[in-house]
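Below is one structure, written out as structure tokens; comments come after it.
2 protein chains.
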Amino acid sequence: MTQITTNQEIRSHRYCVIMCGGIGSRFWPYSRANMPKQFIDFLGTGRSLLQMSYDRILPVVPKENILVVTNEAYAALVKEQLPDLPARSILLEPTRRNTAPCIAWAAYHIKACDPQASIVVMPSDHLITREQKFEESILRGFAFVESHEALLTLGINPSRPETGYGYIQIGSEVEPGINKVKTFTEKPDIELAKVFLETGEFFWNSGIFLWKAETIIKAMHEHSPEIAQVFDRGLAVLGTEGETAFIEEEFPTCMSISIDFAVMEKASNVYVETVDFGWSDLGTWSSLYDNSPKNSSANVTQNCRVLSYDSTGNIFAVRGDKLIAVSGLNDYIVADAGDVLLICPKAEEQSIRNMVSDAKLKFGDKYL
Amino acid sequence: MTQITTNQEIRSHRYCVIMCGGIGSRFWPYSRANMPKQFIDFLGTGRSLLQMSYDRILPVVPKENILVVTNEAYAALVKEQLPDLPARSILLEPTRRNTAPCIAWAAYHIKACDPQASIVVMPSDHLITREQKFEESILRGFAFVESHEALLTLGINPSRPETGYGYIQIGSEVEPGINKVKTFTEKPDIELAKVFLETGEFFWNSGIFLWKAETIIKAMHEHSPEIAQVFDRGLAVLGTEGETAFIEEEFPTCMSISIDFAVMEKASNVYVETVDFGWSDLGTWSSLYDNSPKNSSANVTQNCRVLSYDSTGNIFAVRGDKLIAVSGLNDYIVADAGDVLLICPKAEEQSIRNMVSDAKLKFGDKYL
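Residue numbers (my numbering), protein chains in the order written: chain A, 645 to 1012; chain B, 645 to 1012.
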């Protein structure tokens, strides 16, 4: 009985921050400024990526300890998709400032309410296929950061020499499955990625982090004091009714920087938990293709109805019950968002950003 | 004054029959069962092909002498697109029976109202770019058939060795620009088409005909008596209130056959007027491509907005102000009809018929 109470007590101090402010421009036009990737039922499961992220963390932390940080523009979408989430659990950024200010605000906000808090921070738009493994990994991570003054990142056991991800090189093991971080690396070229894979020392950087609120705030003070100072000025109002006005005023003054650059690559108390729970960042059409079930012609058809002839290796992303009849098309992205149709070879998907720019130049915001 | 009266008197007996019952399945999905090709603003001019056909004949025959023959299903579309056309000028076929029964009915109907009538019969879905030349050609044709017991067809001066058209070989000249027909030919292969072009004796079969009502009815009796007999049974009611009930009952008993097979290839009094007024039957996506203005990348963009990269030779047919962003696509048809998207190499467009069949098998009438 004492043990159970203790577990519940520990659990009550565990929080999740779901980062949900991205714009998903690499998936234009299927992902749009007013309906980014994380709000779309991207895999045809009936739940958006955000909803899947919420569902996934629900068994791990108390419902009332789940927070979503998003852009003001998406407040209504978050409320609509997560009706169980109380309004106070949605933190609305007045402007986009990358992940470090987002994570800092969430940490200060949570610590103001619960000084003992530990936090898992995770993106809203990733795919995780093995949910039981995910739960176990997060629970192990919480236990580690609660007993160490540690910044913990999850490193995914790589299954292929992927050039689209950053890698984490592990150092000495501190307990089974948790190591010191030796280096963070940028996206490698294919030759280097193959070397990474062979050594067994390199893991994909997942963008999922765990730490105590006080540990990350302390690290912010040390490694990114400009950001910490912004929130230090708000200590009196964070967690109170005055918080919204403070954030409106002060959040935009934060520099725009990722948590990796701002803290993780500088701090010495950084650890990696190596995990293997079927993860993809779904960062590109090609990764979506790789992670989606294929039909007998090796096409990915998302939700849609496709009649294909001599066509293989394509990804079709079309909303509703639209029919696609396609002949002689191989290895293309075909994405239809109603008012925009994209047809682009998978190998050329980096040019989508240029298309978005050109569409903006030529037609203003109409098709963004 | 006498001369003018005489001209007006002659003009008052001239009729036009616009055949408007086609289903346009080669242009699926842009052309649909409920909105076939002839009703679409196919060239982005602001007028449908039917409206353009009506506009074109209006200077030539009296407005009240223009008839449209169409399927019952398209009655509302015809009324909407040609609001000046009185209801009595729309002949509604209860079922599709190809051109011979359509032409026979129209001839019997017109002759019942005006025994001296001469008629130009023309499709509703062809392109003619030189309207003044067209007017002159039709007027010359009327004059010829009014003074001869002749079945006159218009033969287009060929500009290329087209394999998509039937050809008419001319015989002896009977007056400038009008010859006896020597042979009708089926669509030739490319080698034969080249020979045709070199000889100067072969003209494209336009499907535009002129004759007196009594001449075509006489030819029907001689060469297609099964069809003539059907309408002979209706002589008492054609042109009266009883016509509709008669047609509902009897029209479906007609054999389904083209006017070429039923009459033109059998009769001896068949003549061809050789013309040159910028004609295309717009029968295929490729012919639409050939006849449409291209942008600087040699793409045909119909009405729509296209951002193209490394893409040439395509035809984009998309309704409304949808944006197409396309990369690395060459010589394709991209046709979007809202609920169906077709992507098909121009060279494979004959497979569209199979796609329509497969869509019907799999989804019923939903996408037809």
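Heads up, the beta-carbon is just placed ideally off N, CA and C, and yes, glycines get one too.
Contact check for Y659(B) against A744(B) fails: the beta carbons are separated by 8 Å or more.
Beta-bridge pairing by DSSP links K856(A) to S762(A). Nearest to A863(A) by alpha-carbon distance, out of F890(A), E842(A), T829(A) and F905(A), is F905(A). Listed in chain order, the non-local C-beta contacts of A1003(A) below 6 Å within the same chain comprise Y1011, local neighbours out to five positions each way being set aside.
V818(B) is bridged by DSSP to nothing; it lacks a bridge partner.
Against A1003(A), the close residues of chain B are L951, L967 and A969, in the order they occur along the chain (beta-carbon pairs closer than 7 Å). Under the Cβ criterion of 8 Å, F1007(A) is counted among the residues facing chain B. Assignment of G785(A) by DSSP, reduced to helix, strand and coil, places it in the helix class.
Within 8 Å of the CB of P989(B), the CB atoms of chain A belong to S971 and G972, in sequence order along the chain.
A straight line joining the alpha-carbon of R877(A) with that of W749(A) spans about 12 Å. Partner residues in the beta bridge of Y976(A), as assigned by DSSP, are P989(A). Of all alpha-carbon atoms in I977(B), G982(B), A981(B) and K1006(B), the one lying nearest the alpha-carbon of S995(B) is that of I977(B). Taking 8 Å as the CB threshold, D983(B) lines the interface with chain A.
The secondary-structure analysis by DSSP pairs F846(A) across a beta bridge with Q813(A). Judged by DSSP in its simplified three-state form, A969(B) adopts strand. Within chain A, L985 and I987 have C-beta atoms less than 9 Å from the C-beta of V978(B), given in sequence order. Look at the beta carbons and you see the region 732-740 of chain A not touching the region 689-706 of chain A: under three pairs across the two are nearer than 8 Å. Taking C-beta separations shorter than 7 Å and ignoring five residues to either side along the sequence, the partners of P832(B) in its chain run T807, Y811 and F840, following chain order. Among the CB atoms of chain A, none fall inside 8 Å of the CB of S941(B).
For P805(A) against K838(A), the beta-carbon gap comes to about 4 Å, under 8 Å, which counts as contact.
Between the alpha carbons of P680(B) and N849(A) lies a distance of about 55 Å.
The beta carbon of V944(B) does not come within 8 Å of any beta carbon belonging to chain A, so the residue lies off that interface. Annotated as proximal: A857(B) and I754(B), with beta-carbon spacing under 8 Å. The three-state reading of DSSP puts C898(A) in coil, since its state is none of H, G, I, E or B.
The beta carbon of V950(B) sits closer than 7 Å to those of N943, F960, I968 and V970, all from its chain and outside the five residues before and after it, given in chain order.
Chain order gives the chain A residues near Y1011(B) as L967, where near means a beta carbon separation below 7 Å.
Residues of chain A with a Cβ closer than 8 Å to the Cβ of M999(B) are, in chain order, L951, Y953, A969 and S971. For F960(A), the three-state secondary structure derived from DSSP is strand.
I684(A): not part of any beta strand (DSSP E); DSSP gives it neither H nor E. Per the C-alpha coordinates, the member of G883(A), V874(A) and K910(A) positioned closest to E893(A) is V874(A).
Straight-line spacing of the CA atoms in I861(A) and H770(A) works out to 26 Å.
A check of alpha carbon separations from K910(B) across T829(B), N958(B), T918(B) and N974(B) identifies T829(B) as the nearest.
Buried is the label assigned to D925(A), since at least 16 other Cβ atoms lie within 10 Å of its Cβ. Three or more beta-carbon pairs separated by less than 8 Å link the region 973-987 of chain A to the region 659-677 of chain A, which places the two stretches in contact. If you draw a straight line from the Cα of N913(A) to the Cα of R784(A), it comes to about 17 Å.
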